[in-house]
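Visitor:
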Amino acid sequence: MSTDGNKKQFWKRNTAKVPGSIQHVYGAQHPPFDPLLHANLIKAGNKPQMTPGGKPKKATTFQEFESITSDAWDVGDDDDELLAMAAQNLNIEVVMETANQVIENHSKQQEKQRQDDADTSGLEHREEEEVHEEEVEEQEEEGEESTPEVLFAFEPSPLSDGRLVKSLSEAPIGSPKDASLHRQQSLPHRPTIPMVARIADQNTSGTPAMTEREASRLDKFKQVLAGPNTDLEELRKLSWSGIPRHVRPITWKLLSGYLPANTERRESTLQRKRQEYFGFIEQYYDSRNDEHHQDTYRQIFERILFIWAIRHPASGYVQGINDLVTPFFVVYVFEYIKEEVENFDVSSLQEAALRNIEADSFWCMSKLLDGIQDNYTFAQPGIQRKVKALEELVSRIDETVHVHMQQYEVEYLQFAFRWMNNLLMRELPLRCTIRLWDTYQAEPEGFSHFHLYVCAAFLVRWRKEILDERDFQGLMILLQNLPTMHWGNEEVSVLLAEAYRLKFAFADAPNHYKR
Numbered sequence: 001m002s003t004d005g006n007k008k009q010f011w012k013r014n015t016a017k018v019p020g021s022i023q024h025v026y027g028a029q030h031p032p033f034d035p036l037l038h039a040n041l042i043k044a045g046n047k048p049q050m051t052p053g054g055k056p057k058k059a060t061t062f063q064e065f066e067s068i069t070s071d072a073w074d075v076g077d078d079d080d081e082l083l084a085m086a087a088q089n090l091n092i093e094v095v096m097e098t099a100n101q102v103i104e105n106h107s108k109q110q111e112k113q114r115q116d117d118a119d120t121s122g123l124e125h126r127e128e129e130e131v132h133e134e135e136v137e138e139q140e141e142e143g144e145e146s147t148p149e150v151l152f153a154f155e156p157s158p159l160s161d162g163r164l165v166k167s168l169s170e171a172p173i174g175s176p177k178d179a180s181l182h183r184q185q186s187l188p189h190r191p192t193i194p195m196v197a198r199i200a201d202q203n204t205s206g207t208p209a210m211t212e213r214e215a216s217r218l219d220k221f222k223q224v225l226a227g228p229n230t231d232l233e234e235l236r237k238l239s240w241s242g243i244p245r246h247v248r249p250i251t252w253k254l255l256s257g258y259l260p261a262n263t264e265r266r267e268s269t270l271q272r273k274r275q276e277y278f279g280f281i282e283q284y285y286d287s288r289n290d291e292h293h294q295d296t297y298r299q300i301f302e303r304i305l306f307i308w309a310i311r312h313p314a315s316g317y318v319q320g321i322n323d324l325v326t327p328f329f330v331v332y333v334f335e336y337i338k339e340e341v342e343n344f345d346v347s348s349l350q351e352a353a354l355r356n357i358e359a360d361s362f363w364c365m366s367k368l369l370d371g372i373q374d375n376y377t378f379a380q381p382g383i384q385r386k387v388k389a390l391e392e393l394v395s396r397i398d399e400t401v402h403v404h405m406q407q408y409e410v411e412y413l414q415f416a417f418r419w420m421n422n423l424l425m426r427e428l429p430l431r432c433t434i435r436l437w438d439t440y441q442a443e444p445e446g447f448s449h450f451h452l453y454v455c456a457a458f459l460v461r462w463r464k465e466i467l468d469e470r471d472f473q474g475l476m477i478l479l480q481n482l483p484t485m486h487w488g489n490e491e492v493s494v495l496l497a498e499a500y501r502l503k504f505a506f507a508d509a510p511n512h513y514k515r
């Protein structure tokens, strides 16, 4: 009887939520948690510390905070540690057999599709050759000689492997169709690149001189910022289309609400807010006096996230918030350096400059999170609502894509959770994220509301690639590895324009969601 009671109560054990603790993010890259599979992995040491009253003990020191957030700094921070441990306890032969079967099934379907395309292409080519042979025979009968251009068109061309190709339709490379087939037959792999390293673009260093248009835009920004009271509405209009690197730090601080519009009050506000932040550091974070302490990206981010978690106990630290510090930090570093961030040793900055960057990043990140905090409270209701709204919106703007994903049982939560949780930072290079945030800062409720329409436009942007995939595995591989590594300002601007069109059509007409 006691055994049955334990089984009934199994799901209740180890479910205490510690404010600030990291919860596994399922749907983005992880399958649902199976308690039966992981039952033998739950250890007493992993349980939250309990106070005499029976309530979970809150993280009050940096050491406790660090113990529950250390995974945020690993290179493979998207990997599920529990699943990795479980794999060691599973029958390896069963695992490998299942994995090979999935890959084999996927490959067979793609091979069949490739063969069908090849047959169609070969048939068309043979028809073209027959038509050409008939024309040549007619010309020979009339005694006409072929022109050099005609002979050249069918002249065998050598390939690198020594084979000859009679026409372009037989070439294994260079054809867009063959290139897409090659992509489908191999699992796409996006290398893990530090986000701080993906920064170079037209608005950063190491670029050619500004064009006349860019110089004109920069002058307009300087004129707006030079007045005694900055016109924030005019600044937002200018910023919507992108902010020049030279004025981006001050513009972000103004648009986020960190600095006042009045020029005379800015310096005193900066001093007060920076002193307040480092007062929190002295009060809660006790490792700065360590003689071996050295400021690095990781340690600076740890302090920022720790202080934010202490000040926001309703949510605490949630995996994904660490990504949101990066754009602010990179933009504010550019106030003090001219070289690329990826080649820059942050510890070489003067201490005063580094402290200013850290404090400014903290306050601007806090302003951002104030508008989307329900994304990171218990059960993350904000994200769930936005993913549902995304599904409804896509079903109206592109029903074909929506039905295609339903047909292969792809749930929006499985890929869009990460889009909402990390504000597309895992899908775009950092240079594109910074350009995207220029518009988010300028747009009313940009991070909390406009982001939904950006995600919808982003999904429909890959319409052709989505419809080309004919199984669940192919769709999930595509949606979690979208080829955006070479995107720049132009692609982001087109994405934002489409998002604005969707917002204009749907934002003030909620009944448009419904059929």
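Those letters in the sequence shown? Residues 1 to 515, by the UniProt record's numbering.
Every residue gets a Cβ at the ideal spot worked out from N, C-alpha and C, and that includes glycine.
These numbers come from a predicted model, not from an experiment.
Specify the secondary structure class of Leu82 as computed by DSSP and reduced to three states.
Guide: As a position in the sequence shown, residue 82 is number 82, starting the count at 1. Its pLDDT being 45, under 50, Leu82 is placed unreliably in this model, and the coordinates cannot settle the point.
Visitor: Assign His486 to buried or exposed, taking buried as 16 or more other Cβ atoms, counted over all protein chains shown, within 10 Å of its Cβ.
Guide: As a working mapping, residue 486 is identified with position 486 in the sequence shown. So His486 counts as exposed.
Visitor: Answer yes if the segment 455 to 462 comes into contact with the segment 392 to 404, meaning at least three C-beta pairs across the two stretches below 8 Å, and no otherwise.
Guide: Short answer: they touch.
Visitor: Check whether the Cβ atoms of Leu393 and Leu452 sit closer than 9 Å, and answer yes or no.
Guide: On the sequence shown, residue 393 is found 393 positions in, with the first residue counted as 1. On the sequence shown, residue 452 is found 452 positions in, with the first residue counted as 1. For Leu393 and Leu452, yes; Cβs fall inside 9 Å.
Visitor: Count the other CB atoms, across all protein chains shown, that sit within 10 Å of the CB of Thr251; report buried if there are 16 or more and exposed otherwise.
Guide: Against the sequence shown, residue 251 aligns to sequence position 251. Buried, by the Cβ-count rule.
Visitor: Once DSSP output is grouped into helix, strand and coil, what is the label at Asn421?
Guide: Here residue 421 corresponds to residue number 421 of the sequence shown, with the count starting at 1. It is helical.
Visitor: In the DSSP assignment, the alpha helix (DSSP H) including Gly500 goes from what residue to what residue?
Guide: Along the sequence shown, read from residue 1 onward, the residue named residue 500 stands at position 500. The question names Gly, but residue 500 in the sequence shown is Tyr. Unbroken alpha helix (DSSP H) run through Tyr500: Asn489 to Phe506.
Visitor: Under a Cβ-count criterion, where at least 16 other Cβ atoms within 10 Å of its own Cβ denotes burial, should Val387 be classed as buried or exposed?
Guide: The sequence position of residue 387 within the sequence shown is 387, counting from 1. That one is buried.
Visitor: What does DSSP give as the partner residues of Asn229 in its beta bridges?
Guide: Start at 1 with the first residue of the sequence shown, and residue 229 comes out as number 229. Beta-bridge pairing links Asn229 to Asn262.
Visitor: Counting pairs of beta carbons, one from the segment 309 to 328 and one from the segment 370 to 381, are three or more of them closer than 8 Å?
Guide: yes
Visitor: Quick one: what's got a C-beta closer than 6 Å to Thr433's C-beta in the same chain, skipping five residues either side?
Guide: Here the question's residue 433 lines up with position 433 in the sequence shown. Contacts found: Pro327 and Met425.
Visitor: Distance, Cα to Cα, Phe362 vs Pro244?
Guide: Locating residue 362 in the sequence shown gives position 362, where the first residue counts as 1. Locating residue 244 in the sequence shown gives position 244, where the first residue counts as 1. Spanning the two alpha carbons is a distance of roughly 22 Å.
Visitor: Would you report the Cα separation of Ile173 and Glu111, rounded to the nearest angstrom?
Guide: Here residue 173 refers to the residue found at position 173 of the sequence shown. Here residue 111 refers to the residue found at position 111 of the sequence shown. Because the pLDDT at Ile173 is just 37, under 50, the model does not fix this residue reliably, and the value given afterwards should be weighed accordingly. Between Ile173 and Glu111, the C-alpha separation is close to 17 Å.
Visitor: Can you list, in chain order, the residues of its chain with a C-beta nearer than 6 Å to that of Asp438? Leave out the 5 residues immediately preceding and following it.
Guide: In the sequence shown, residue 438 corresponds to position 438, counting from 1. Answer for Asp438: Ser239, Gly242 and Ile243, listed in chain order.
Visitor: Would you call Arg303 buried or exposed, if buried means 16 or more other Cβ atoms sit within 10 Å of its Cβ?
Guide: Translated into the one-based positions of the sequence shown, residue 303 becomes position 303. With 16 or more Cβ atoms within 10 Å of its Cβ, Arg303 is classed as buried.
Visitor: Quick check: the segment 256 to 274 against the segment 220 to 234, are there 3 or more CB pairs under 8 Å?
Guide: The segment 220 to 234 and the segment 256 to 274 touch, with three or more beta-carbon pairs separated by less than 8 Å.
Visitor: Measuring straight from C-alpha to C-alpha, what distance separates Glu491 and Leu482?
Guide: Taking the sequence shown and counting its residues from 1, one reaches residue 491 at position 491. Taking the sequence shown and counting its residues from 1, one reaches residue 482 at position 482. So the two alpha carbons sit approximately 14 Å from each other.
Visitor: Taking Asp360 as the reference, give the member of Tyr332, Val346, Gly382 and Ala505 with the closest Cα.
Guide: Locating residue 360 in the sequence shown gives position 360, counting from the first residue. Ranking Tyr332, Val346, Gly382 and Ala505 by Cα distance to Asp360 puts Tyr332 first.
Visitor: Taking the CB atoms as reference points, tell me whether Glu409 and Phe472 lie closer together than 9 Å.
Guide: Along the sequence shown, read from residue 1 onward, the residue named residue 409 stands at position 409. Along the sequence shown, read from residue 1 onward, the residue named residue 472 stands at position 472. Result yes, Cβ atoms of Glu409 and Phe472 sit closer than 9 Å.
Visitor: On the DSSP letters alone, give me the boundaries of the alpha helix (DSSP H) that Lys367 sits inside.
Guide: As a working note, residue 367 is residue 367 in the sequence shown. Taken as a continuous stretch (DSSP letters only), the alpha helix (DSSP H) holding Lys367 covers Glu351 to Gly371.
Visitor: To which residues of the same chain is Met476 closer than 8 Å at the C-beta, ignoring the five residues directly before and after it?
Guide: On the sequence shown, position 476 is the one that residue 476 refers to. Counting only Cβ-Cβ distances below 8 Å, and skipping sequence neighbours, we find Val410, Gln414 and Phe415.
Visitor: Taking DSSP as the reference, what is the three-state secondary structure of Glu104?
Guide: In the sequence shown, residue 104 corresponds to position 104, counting from 1. For Glu104, the secondary structure class from DSSP, reduced to helix, strand or coil, is helix.
Visitor: Under 9 Å between C-beta atoms, does His451 make it to chain B?
Guide: Note that chain B does not occur in the displayed structure, where there is just one protein chain.
Visitor: Can you list, in chain order, the residues of its chain with a C-beta nearer than 6 Å to that of Arg236? Leave out the 5 residues immediately preceding and following it.
Guide: Taking the sequence shown and counting its residues from 1, the one referred to as residue 236 is at position 236. Answer for Arg236: Ala442, listed in chain order.
Visitor: Could you give the distance in angstroms between the alpha-carbon of Met365 and the alpha-carbon of Lys273?
Guide: Within the sequence shown, residue 365 is the residue found at index 365, counting from 1. Within the sequence shown, residue 273 is the residue found at index 273, counting from 1. Taking C-alpha positions only, Met365 is separated from Lys273 by approximately 13 Å.
Visitor: Run through DSSP, which three-state label would Met405 get?
Guide: What you label residue 405 is simply residue 405 of the sequence shown in a count that begins at 1. Met405 sits in a helix when the DSSP states are folded into three classes.
Visitor: Along the alpha helix (DSSP H) that carries Asp468, what are the first and last residues, could you check?
Guide: Reading the sequence shown from its first residue, position 468 is the one you call residue 468. Per DSSP, Asp468 belongs to the alpha helix (DSSP H) from Arg463 to Asp468.
Visitor: Hey, out of Ser493, Ile281, Trp462 and Gly488, whose CA is closest to Leu478's CA?
Guide: Reading the sequence shown from its first residue, position 478 is the one you call residue 478. Of the listed residues, the one whose Cα sits closest to Leu478 is Trp462.
Visitor: Taking its Cβ as the centre, do 16 or more other Cβ atoms sit within 10 Å of Lys108, making it buried, or is it exposed?
Guide: Here residue 108 refers to the residue found at position 108 of the sequence shown. With fewer than 16 other Cβ atoms within 10 Å, it is exposed.
Visitor: Quick check on Lys338: does DSSP put it in helix, strand or coil?
Guide: The residue you call residue 338 lines up with position 338 of the sequence shown. It is coil, neither helix nor strand.
Visitor: Cα-Cα, which of Leu324, Gly279 and Val247 is closest to Phe301?
Guide: For the purposes of this step, residue 301 is taken as the residue at position 301 of the sequence shown. Nearest in C-alpha terms to Phe301, of all of Leu324, Gly279 and Val247, is Leu324.
Visitor: Span of the alpha helix (DSSP H) holding Asn322?
Guide: If you number the sequence shown from 1, residue 322 lands on position 322. Counting along the chain, the alpha helix (DSSP H) containing Asn322 begins and ends at Ile321 to Val333.
Visitor: Excluding the five sequence neighbours on either side, which residues of its own chain have a C-beta within less than 6 Å of the C-beta of Phe504, listed in chain order?
Guide: Taking the sequence shown and counting its residues from 1, one reaches residue 504 at position 504. Within the same chain, Phe504 has no close Cβ partners at all.
Visitor: What does the Cβ neighbour count give for Pro381, buried or exposed, with the cut at 16 atoms within 10 Å?
Guide: Locating residue 381 in the sequence shown gives position 381, counting from the first residue. Exposed: under 16 other Cβ atoms inside 10 Å.
Visitor: Does DSSP put Leu428 in a helix, a strand or coil?
Guide: Residue numbering aside, residue 428 sits at position 428 when the sequence shown is read from its first letter. For Leu428, the secondary structure class from DSSP, reduced to helix, strand or coil, is coil.
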